[in-house]
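Colleague: Below are the structure tokens for one structure; questions will follow.
Spelled out as structure tokens, the structure:
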């Protein structure tokens, strides 16, 4: 694999996605969602979060114990960013990472690339391009949350910055396996819309299967990255380390499956 | 001399149907080859296998001694795939610059290379346009331009002149003629006059199997045929009368144009037979619009494919 070619492909796809339907289908809903939420937090949301109603609402995204700790021990607005970002990751990744390979593979556009680079270079660059675009959105959302937190949460600058970086890292890490999951779907589908629908169906069906079979086969929950969500934001550090390793392993497994499908695909 | 392309027992199936079946083929560098055959013969499939778009179902294919997708060969092959769209919403120049960069050109050198190939095709005015705003012929010329980026050693062209106006088609043929000393061309086309004009070797395939691979001069060396373009299609009775003439071997009607017939003969008095043939044709109230002596590639290919 030629790293220079991967970077060339990655930059081209990333840059042009920002101005085409491929990227705008993610950036516009993602921007609107975070603009609305952060506007609410900036307009007195901090007071709401410190109330019982706020605590109860946040506890819907995690357990009551974790919600309590996040809102008390850490800047609350950044805690809301962390919990919300982790919760909405599957939805926005489906919008942002659906067209990694599908449309160009079926239209034949990859043929112009194939005499100049390998399938693996195309595959890796498209995965990274989709990931970087989603990561860029998350970084902007985190940056805005940090500024609002500094303005509203009355915490030390160092504490806020450290917690913001920690939250950002966790969300970026948690996004990885979802983008890889969409790689699998995109590797065999033939359109972006089809990939969105198939991705959503595959995710929901796996989720339902996990709920249904979890009591009999607890390990089935490791089919989706959701299982590591609570560990990632958990209190015990050891759990977080296991979660990080688990998420990285899941990303590699998903990507391997996607690559096996894509390398055999007729282009 | 090392082989440029080697196919051994190459098979490609789609839904259990063999598009290419047990094909053995050796191609040496420095040639200009025509890849011909009827619709569904497997030309585009073979083309796609050589280009690495498709993976063989079984057998082996090597290009420059390696698998078609091998990273080390990238940039040595230029391809014009059939009817393949460019990305929408990205200018021609930006897309061609990407291809140049992938072939190792950096910064301004990539832009210069793009301008060079666009000038070659006389389409520099299309550089800033989006592919979706171009006509079919313009897109085809842009696609040919991308195949020439980086002066590749092997250029594969699938139907390079279909959809082009006569001037543009002639430009493309002139480019092939000008470059064929520097690189190997494989041209897939239904236009056999064009293949006969620019190629020195021909590969004929039918139903996924190799029918013939030889020099065109070996294939059409006989001077014992007449090519006629008639005012109307040849009636059955006229065909029978022609076949009954002493010395006539076969009467072949061009499937693409029923007005065009090729008459193969083996006679000690070819001029006399020629007069008899013309008189037989006229007896059936048919006018001869065009007439030429000597076997054409079209006639030979039709003959081989029919057989």
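Residue numbers (the working numbering), protein chains in the order written: chain A, 6 to 272; chain B, 396 to 702. Even for Gly, the Cβ is constructed at its ideal location relative to N, Cα and C. Being a predicted model, the structure only gives us computed values, none of them experimental.
#1: For a test of the three-state rule: what should DSSP assign to residue 641 of chain B, helix, strand or coil?
#2: Helix, strand or coil for residue 8 of chain A per DSSP?
#3: Where do the ends of the alpha helix (DSSP H) carrying residue 589 of chain B lie?
#4: Out of A:105, A:175 and A:265, state which residue places its alpha-carbon closest to the alpha-carbon of residue 249 of chain A.
#5: Closest by CA to residue 625 of chain B, which one among B:476, B:432 and B:682?
#6: Can you list, in chain order, the residues of the region 459-476 of chain B whose Cβ is nearer than 7 angstroms to any Cβ on chain E?
#7: Which residues in chain A sit within 7 angstroms of residue 494 of chain B, going by Cβ to Cβ distance?
#8: For residue 662 of chain B, which residues from the same chain have a beta carbon less than 6 angstroms from its beta carbon, with the 5 sequence-adjacent residues on both sides left out?
#9: Taking only three categories from DSSP, how would you classify residue 515 of chain B?
#10: Going along the chain, which residues of the region 537-548 of chain B sit with their C-beta nearer than 7 angstroms to a C-beta in chain A?
#11: In chain A, which residues lie with their C-beta within 7 angstroms of the C-beta of residue 502 of chain B?
#12: For the region 467-478 of chain B against the region 420-437 of chain B, are there 3 or more C-beta pairs whose distance is under 8 angstroms?
#13: Alpha carbons only, please: which of B:582, B:484 and B:691 is nearest the one belonging to residue 619 of chain B?
#14: Around the C-beta of residue 528 of chain B, are 16 or more other C-beta atoms found within 10 angstroms, so that it is buried, or is it exposed?
#15: Return the chain-ordered list of same chain residues with a C-beta closer than 6 angstroms to the C-beta of residue 549 of chain B, the five sequence neighbours on each side being excluded.
#16: Report buried or exposed for residue 187 of chain A, applying the criterion of at least 16 other Cβ atoms within 10 angstroms of its Cβ.
#17: Please identify the residue among B:577, B:650 and B:572 whose C-alpha is closest to the C-alpha of residue 591 of chain B.
#18: Mind reading off the beta-carbon distance from residue 583 of chain B to residue 439 of chain B? Whole number of angstroms is fine, and I expect it under 8 angstroms.
#19: Suppose you measure from the CA of residue 568 of chain B to the CA of residue 593 of chain B; what does that come to, to the nearest Å?
#20: Quick check: the Cα distance between residue 603 of chain B and residue 137 of chain A, rounded to an integer number of angstroms?
#21: Reducing DSSP to helix, strand and coil, say where residue 663 of chain B ends up.
#22: If I'm right that residue 595 of chain B touches residue 426 of chain B with Cβ under 8 angstroms, what's the distance once you round it to whole angstroms?
#23: For the region 428-458 of chain B, which residues have a CB atom closer than 9 angstroms to at least one CB atom of chain A, in sequence order?
#24: Alpha helix (DSSP H) containing residue 236 of chain A: first to last residue?
#25: Would you be able to state if there are at least three C-beta pairs under 8 angstroms between the region 640-657 of chain B and the region 444-464 of chain B?
#26: Grab me the residues of residue 89 of chain A's own chain with a C-beta within less than 8 angstroms of its C-beta, minus the 5 sequence neighbours each way, in chain order.
#27: Note down, in chain order, every chain B residue with its Cβ under 8 angstroms from the Cβ of residue 199 of chain A.
#28: Distance, Cα to Cα, residue 408 of chain B vs residue 446 of chain B?
#29: Ends of the beta strand (DSSP E) at residue 579 of chain B?
#30: Thinking C-beta only, is residue 611 of chain B closer than 8 angstroms to residue 21 of chain A?
#31: Where do the N-terminal and C-terminal ends of the beta strand (DSSP E) with residue 401 of chain B fall, by residue?
#32: Mapping DSSP to helix, strand and coil, what is residue 25 of chain A?
#33: Mind pulling the alpha helix (DSSP H) runs of 4 or more residues that sit fully within the region 429-459 of chain B?
#34: Using a cut-off of 8 angstroms between C-beta atoms, extract the partners of residue 686 of chain B located in chain A.
#35: Closer than 8 angstroms, CB to CB, is residue 271 of chain A near chain B or not?
#36: Could you spell out the range, first to last residue, of the alpha helix (DSSP H) harbouring residue 109 of chain A?
Modeller: Reading off the structure:
#1: Locating residue 641 of chain B in the second chain gives position 246, where the first residue counts as 1. Residue 641 of chain B falls in the coil class under three-state DSSP.
#2: Working through the first chain from its first residue, we reach residue 8 of chain A at position 3. In the structure shown, residue 8 of chain A sits in a helix (DSSP, three-state: H, G or I).
#3: Translated into the one-based positions of the second chain, residue 589 of chain B becomes position 194. Start and end: 587-593.
#4: By 1-based counting over the first chain, the position of residue 249 of chain A is 244. The option with the nearest alpha carbon to residue 249 of chain A is A:175.
#5: Within the second chain, numbered from 1, the residue matching residue 625 of chain B stands at position 230. The option with the nearest alpha carbon to residue 625 of chain B is B:682.
#6: This model lacks chain E altogether, as its protein chains are A and B.
#7: Looking up residue 494 of chain B in the second chain gives position 99. Simply 117 and 121.
#8: As a position in the second chain, residue 662 of chain B is number 267, starting the count at 1. 642 and 668.
#9: Taking the first residue of the second chain as 1, we reach residue 515 of chain B at position 120. Correct three-state label for residue 515 of chain B: helix.
#10: 541
#11: Translated into the one-based positions of the second chain, residue 502 of chain B becomes position 107. The contacting residues do not exist; residue 502 of chain B stays about 12 angstroms from chain A at best.
#12: no
#13: Position 224 of the second chain, counting from 1, holds the residue named residue 619 of chain B. Of the listed residues, the one whose Cα sits closest to residue 619 of chain B is B:691.
#14: To locate residue 528 of chain B, count along the second chain from 1; it is residue 133. Flag for residue 528 of chain B reads exposed.
#15: Residue 549 of chain B sits at position 154 when you count from the first residue of the second chain. 472 and 579.
#16: Residue numbering aside, residue 187 of chain A sits at position 182 when the first chain is read from its first letter. When all chains shown are included, residue 187 of chain A counts as buried.
#17: Working through the second chain from its first residue, we reach residue 591 of chain B at position 196. Nearest of B:577, B:650 and B:572 to residue 591 of chain B, Cα basis: B:572.
#18: Taking the first residue of the second chain as 1, we reach residue 583 of chain B at position 188. Taking the first residue of the second chain as 1, we reach residue 439 of chain B at position 44. Confirmed, about 7 angstroms.
#19: Indexing the second chain from 1 puts residue 568 of chain B at position 173. Indexing the second chain from 1 puts residue 593 of chain B at position 198. Distance between the alpha carbons of residue 568 of chain B and residue 593 of chain B is about 7 angstroms.
#20: Indexing the second chain from 1 puts residue 603 of chain B at position 208. Indexing the first chain from 1 puts residue 137 of chain A at position 132. Spanning the two alpha carbons is a distance of roughly 44 angstroms.
#21: Start at 1 with the first residue of the second chain, and residue 663 of chain B comes out as number 268. Residue 663 of chain B falls in the coil class under three-state DSSP.
#22: Taking the second chain and counting its residues from 1, one reaches residue 595 of chain B at position 200. Taking the second chain and counting its residues from 1, one reaches residue 426 of chain B at position 31. That belief holds up - the Cβ atoms of residue 595 of chain B and residue 426 of chain B are roughly 6 angstroms apart, short of 8 angstroms.
#23: 443, 446, 447, 448, 449 and 450
#24: Taking the first residue of the first chain as 1, we reach residue 236 of chain A at position 231. 234-237 is the extent of the alpha helix (DSSP H) around residue 236 of chain A.
#25: no
#26: Taking the first residue of the first chain as position 1, residue 89 of chain A is located at position 84. Around residue 89 of chain A: 42 and 66.
#27: Locating residue 199 of chain A in the first chain gives position 194, where the first residue counts as 1. The premise fails here: residue 199 of chain A is roughly 18 angstroms from chain B at the closest Cβ pair, so nothing lies under 8 angstroms.
#28: As a first step, residue 408 of chain B must be located in the second chain, where it is residue number 13. As a first step, residue 446 of chain B must be located in the second chain, where it is residue number 51. One C-alpha to the other measures close to 17 angstroms.
#29: To locate residue 579 of chain B, count along the second chain from 1; it is residue 184. Its beta strand (DSSP E) spans residues 579-583.
#30: Mapped onto the first chain, residue 21 of chain A falls at position 16. Mapped onto the second chain, residue 611 of chain B falls at position 216. No, these two residues do not count as a Cβ contact at 8 angstroms.
#31: Taking the first residue of the second chain as 1, we reach residue 401 of chain B at position 6. Counting along the chain, the beta strand (DSSP E) containing residue 401 of chain B begins and ends at 400-409.
#32: Taking the first residue of the first chain as position 1, residue 25 of chain A is located at position 20. Reduced to three states, the DSSP call for residue 25 of chain A is coil.
#33: 438-446
#34: Counted from its first residue, the second chain places residue 686 of chain B at position 291. None at all; the shortest Cβ gap to chain A is about 43 angstroms.
#35: Residue numbering aside, residue 271 of chain A sits at position 266 when the first chain is read from its first letter. By this cut-off, residue 271 of chain A is an interface position.
#36: Looking up residue 109 of chain A in the first chain gives position 104. First-last of the alpha helix (DSSP H) with residue 109 of chain A: 107-112.
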